[in-house]
Amino acid sequence: MNDELRMFRKSVRQFIEREFVPHQACWRQQHRPDVEAWTAAGGNGLLLPDVPDEYGGGGGTFAHQAVVVEELAHAGVQFGSTIHNVVAHNIIAFGTDEQKRNWLPRMARGELVGAIAMSEPAAGSDLQGIKTTARRDGDHYVINGSKTFITNGWHAGVVCLAVKTDARAAGPRGISLIIVEPKGLSGYRVGRSLDKVGMHGQDTYELLFDDVHVPASNLLGPAEGGGFAQLMEIMSYERLAIAVAAVATSEEAVAMTTKYVKERIAFGKPLSDLQNTRFKLAECKTEARIGRVFLDDCIERFIAGGLDDTTASMAKYWLTDCECRIVDECVQLHGGYGYLAEYPIARMWTDSRVHRIWAGANEILKELIASSL
Ligand SMILES: Cc1cc2nc3c(=O)[nH]c(=O)nc-3n(C[C@H](O)[C@H](O)[C@H](O)COP(=O)(O)OP(=O)(O)OC[C@H]3O[C@@H](n4cnc5c(N)ncnc54)[C@H](O)[C@@H]3O)c2cc1C
Numbered sequence: 120m121n122d123e124l125r126m127f128r129k130s131v132r133q134f135i136e137r138e139f140v141p142h143q144a145c146w147r148q149q150h151r152p153d154v155e156a157w158t159a160a161g162g163n164g165l166l167l168p169d170v171p172d173e174y175g176g177g178g179g180t181f182a183h184q185a186v187v188v189e190e191l192a193h194a195g196v197q198f199g200s201t202i203h204n205v206v207a208h209n210i211i212a213f214g215t216d217e218q219k220r221n222w223l224p225r226m227a228r229g230e231l232v233g234a235i236a237m238s239e240p241a242a243g244s245d246l247q248g249i250k251t252t253a254r255r256d257g258d259h260y261v262i263n264g265s266k267t268f269i270t271n272g273w274h275a276g277v278v279c280l281a282v283k284t285d286a287r288a289a290g291p292r293g294i295s296l297i298i299v300e301p302k303g304l305s306g307y308r309v310g311r312s313l314d315k316v317g318m319h320g321q322d323t324y325e326l327l328f329d330d331v332h333v334p335a336s337n338l339l340g341p342a343e344g345g346g347f348a349q350l351m352e353i354m355s356y357e358r359l360a361i362a363v364a365a366v367a368t369s370e371e372a373v374a375m376t377t378k379y380v381k382e383r384i385a386f387g388k389p390l391s392d393l394q395n396t397r398f399k400l401a402e403c404k405t406e407a408r409i410g411r412v413f414l415d416d417c418i419e420r421f422i423a424g425g426l427d428d429t430t431a432s433m434a435k436y437w438l439t440d441c442e443c444r445i446v447d448e449c450v451q452l453h454g455g456y457g458y459l460a461e462y463p464i465a466r467m468w469t470d471s472r473v474h475r476i477w478a479g480a481n482e483i484l485k486e487l488i489a490s491s492l
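Numbering (the numbering used here), first residue to last: 120 to 492.
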């Protein structure tokens, strides 16, 4: 933290309080943010804060992105800006200068919303098993297949799509990343809105491709077949961002529960007078503090270019497991009110659960960590 980051945090917090918090009930009901939320976020520097300013970004570091993720978590707002940023970082890492200039400024302004489409009905953890194909036809690719679970799927204006460009190649070979701009694209269809148990304010959709033609120049990376390695290279960014959300959520859960147990009276005294309540919160606060120290070390190392994939996987796996333990304990301390959707702790419980599943399920991350032993 420095003065500049503190000022950035203040403006992000004010923006979220003013522009996002009042619309939460509406977003949850319609299962997506309003389209204006994206352009407003862009106009206030919440999108692509760690992308060089020559491409329209904020010119900051991952610390700026962490501030945005933390402030969204503290406010209990679900907004797909992390995925949006992951798409931007794929373009930065593997795009040509022309591709960067084409997509990044519009993404920074929130005019194009980014989605990353890897998962398919039969291929989630086993990403190598994807079936969506892109066949080269002159100066175009012709795409066929379907994707599921796609965050920002309704709003998506730029989709980073994992496809098989060589359908016969086994394993990770033959997978490529292609950028699809869906607007007005024949054969592209947004499918079902997936009815989730949490994260109701965020759009999660199926995407369908039926002979969709995209320019061959939309291939991301120097050659076909490098997509799997590219995705793995960028994953640390997403995993670290999820770890940031996990720690911020843990801290918020402890703070809101501490306040609640001081106010709630049972057996003639506040719940906070009971030793079990104090011990449980002491355990939660300790775990959250340990998480914060580990996370801050990871962020520093990431900014310095020294965070290895194993440690990023450890951060995502351990901190999200820890988050779910803490939030569950905090629900318990709220009693029946912790189970009511109108209480923020209940929404936190259903919203945070997915952190252990996406961006590499925690079991897959343990496999990755174990492979480093
Ligand atoms: C709300 C939400 C948003 C999402 N957003 C996106 C998105 O924007 N883009 C996208 O591409 N995907 C997205 N996903 C998909 C997500 O990444 C996958 O759900 C996740 O990778 C797990 O894949 P799966 O659901 O197919 O589970 P499976 O792969 O079927 O796994 C089921 C269980 O088996 C375990 N398992 C599988 N293989 C192994 C193994 N080798 N060893 C040990 N255990 C194993 C898993 O850990 C898991 O517990 C999203 C999912 C959700 C729920």
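Beta carbons are placed, not taken as given, at the ideal position from N, Cα and C, and that holds for glycine.
What residues in its chain sit with their C-beta under 6 Å from that of residue i, if we drop five residues either side in the sequence?
i    : result
V446 : A372, M467, W468, S471
N481 : Y436, R475
K381 : P389, S391
I269 : A234, A236, Y324, L326
E138 : A159
N337 : I297, I298
I483 : S244
Within a Cβ cutoff of 7 Å, which residues of the same chain sit near residue i, ignoring the five residues on either side of it in sequence?
i    : result
G195 : P463, R466, M467
P334 : D258, H259
T396 : V380, L390, L452
K404 : V373
H193 : A367, E371
G496 : In the structure displayed, the chain extends from 120 to 492; residue 496 sits before or after that span and is not available.
F421 : F181, L359
E448 : K399, C403
Y356 : V205, H208
K485 : Y436
Do you know how far the Cα of residue j is from the Cα of residue i?
i    : j    : result
A348 : N263 : 22 Å
W477 : G387 : 44 Å
A207 : P224 : 10 Å
R133 : Q247 : Per the sequence shown, residue 133 should be read as Gln rather than Arg. For Q133 and Q247, the distance between alpha carbons rounds to 43 Å.
S490 : T439 : 20 Å
V363 : G175 : 24 Å
G455 : M375 : 16 Å
A342 : I297 : 11 Å
G290 : D329 : 24 Å
H457 : G346 : Reading off the sequence shown, one finds Gly at residue 457, where the question assumed His. For G457 and G346, the distance between alpha carbons rounds to 43 Å.
G276 : G161 : 14 Å
Between residue i and residue j, which are expected to be in contact by the criterion C-beta below 8 Å, what is the C-beta distance as a whole number of angstroms?
i    : j    : result
I353 : T429 : Not a contact, Cβ separation roughly 16 Å.
V309 : V278 : Not really, about 10 Å apart at Cβ, beyond 8 Å.
A234 : I211 : Contact doesn't hold; Cβ gap of about 17 Å is too wide.
V188 : R128 : The pair is not a contact, with the Cβ atoms about 11 Å apart (cut-off 8 Å).
N271 : V316 : The pair is not a contact, with the Cβ atoms about 19 Å apart (cut-off 8 Å).
L167 : G177 : 6 Å
S238 : K266 : 6 Å
So what does DSSP say about residue i, is it helix, strand or coil?
i    : result
K399 : helix
I384 : strand
G454 : helix
D245 : coil
V188 : helix
R311 : strand
Y379 : helix
F328 : strand
F421 : helix
K302 : coil
S491 : coil
F127 : helix
A281 : strand
K266 : strand
V196 : coil
L231 : coil
I353 : helix
V412 : helix
I476 : coil
G407 : The residue you asked about is not Gly; residue 407 is Ala in the sequence shown. If DSSP states are grouped into helix, strand and coil, A407 belongs with the helices.
T251 : coil
D256 : strand
T323 : strand
S336 : helix
L393 : coil
What does a CB cutoff of less than 8 Å around residue i pick up in its chain, not counting 5 residues either side in sequence?
i    : result
G344 : T284, D285, A288, R292, G293, I294, S295
T252 : I262, N263, G264, V282, K283, T284, A286
D256 : H332
I112 : Since the displayed the chain opens at 120 and closes at 492, residue 112 lies outside it and no answer follows.
K219 : Y174, I210, I211
E406 : S369, C441, R444, I445
D322 : H150, R151, P152, G199, T270, N271, G272, W273, H274, S312
G320 : Q143, W146, R147, H150, R151, P152, V196, Q197, F198
S130 : N163, G164
Can you check whether the C-beta of residue i is within less than 8 Å of a C-beta belonging to chain D?
i    : result
I353 : Note that chain D does not occur in the displayed structure, where there is just one protein chain.
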